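In our numbering, the protein residues as written are 3 to 317.
1. Could you tell me if residue 318 is buried or exposed, where buried requires 16 or more neighbouring beta carbons within 10 angstroms of its beta carbon?
2. Please confirm whether residue 129 and residue 160 have their CB atoms less than 7 Å apart.
3. In chain order, what residues of the same chain have a beta carbon less than 6 Å from the beta carbon of residue 225, not counting five sequence neighbours either side?
4. When the Cα atoms are used, what is the spatial distance from residue 35 to residue 258?
5. Short of 7 Å in beta carbon distance, which residues of its chain neighbour residue 71, apart from the five on each side in sequence? Order them along the chain.
6. Does the separation of the CB atoms of residue 218 and residue 273 fall below 7 Å?
7. With DSSP collapsed to three states, give me the class of residue 242.
8. What would DSSP say about residue 19, mapped onto helix, strand or coil?
9. Considering only residues of the segment 53 to 109, which uninterrupted alpha helix (DSSP H) runs meet the minimum length of 4 residues and lie entirely inside it, listed in chain order?
10. Compute the Euclidean distance between the alpha carbons of residue 77 and residue 14, then round it to the nearest angstrom.
11. Check whether the Cβ atoms of residue 42 and residue 65 sit closer than 7 Å, and answer yes or no.
12. Residue ranges of each alpha helix (DSSP H) run of no fewer than 4 residues wholly in the segment 111 to 147, ordered along the chain?
13. Can you give me the start and stop residues for the alpha helix (DSSP H) that residue 188 sits inside?
14. Where do the ends of the beta strand (DSSP E) carrying residue 33 lie?
15. In the structure shown, what three-state DSSP assignment does residue 194 receive?
16. Since residue 253 is in the alpha helix (DSSP H), which residue starts that stretch and which ends it?
17. Is the distance from the Cβ of residue 28 to the Cβ of residue 125 below 7 Å?
18. What did DSSP end up calling residue 25 once you bin it into helix, strand or coil?
19. How should residue 98 be labelled, buried or exposed, when 16 other C-beta atoms within 10 angstroms of its C-beta is the threshold for buried?
20. So what does residue 231 bridge to, in DSSP terms?
21. Ordered along the chain, which non-local residues of its own chain (more than five positions away) have a Cβ less than 8 Å from that of residue 75?
Pasting the structure below:
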């Protein structure tokens, strides 16, 4: 398998349930998926050597993800899970490990990469603090790259104004349909009418791309699949979610989508050709508990599909 060059920047954390920590954080989930799919991403994050950190390291090891460049903190980030009748409430405290990603250490790590233009994945939660925002900015200055941004907006994250400042020179911008509505509102652009059809065009999507520098925008529509838009505001790909024998939960489905898309892009596959496979992988992820599967064998057919696609494109 060709080892593409990928950098994943952002939070590693645990959801602190009453019966123990559960690994999470969108960038961490994406990096684990990428490693299990046969890639070798560089994970730029920060975590402690405590119980929560050990849980994250064990999950990374199961996926084949190296945490060689993870920075060390006094305590691993925790999301507090308040279990109540009818569901859970999540509390993301301030001043956590991912708020203190060090710029100098991050730059030193990316300078070890040999690739000319690696893909750089990041979300927005870890960018709520000046230190981690500075670290990402330093990484972006230190190496030519293609940015894949998953907005993954949370109220505990940066303000809308801060997020808009961060969205520049983006190769791929990934949003849920709810996040798309939020972002268009922040930019005073007309809302989208709903799930698009192939070849639909919309001025708001073209304006969004112009504002962020995005070459493509990916929008997930839950059970209705996903759509890809180009910089001219035209829908260039649509895929519906395949039938799912049993829905367990949708935790991390967006991370699964992003990981499969990144795996394909890093191998040189056209974005529009990866939408269906990414939707299918995200759909399958709704059949296991949590963001990451307990059984690594679930990745085998997806790895094989990527390998076969690579074989057909190499002379």
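Cβ coordinates follow ideal geometry from the N, Cα and C atoms, glycine included.
These figures come from a predicted structure and were not determined experimentally.
In brief:
1. Look at the range of the chain in this structure, 3 to 317, and you will see that residue 318 is not part of it.
2. yes
3. 243
4. 7 Å
5. 44, 45, 46, 111
6. yes
7. coil
8. strand
9. 53 to 65
10. 11 Å
11. no
12. 132 to 144
13. 179 to 188
14. Here residue 33 belongs to no beta strand (DSSP E); instead the alpha helix (DSSP H) covers 28 to 38.
15. coil
16. Counting along the chain, residue 253 falls outside any alpha helix (DSSP H), and DSSP gives it neither H nor E.
17. yes
18. strand
19. buried
20. 219, 237
21. 48, 49, 50, 99, 102
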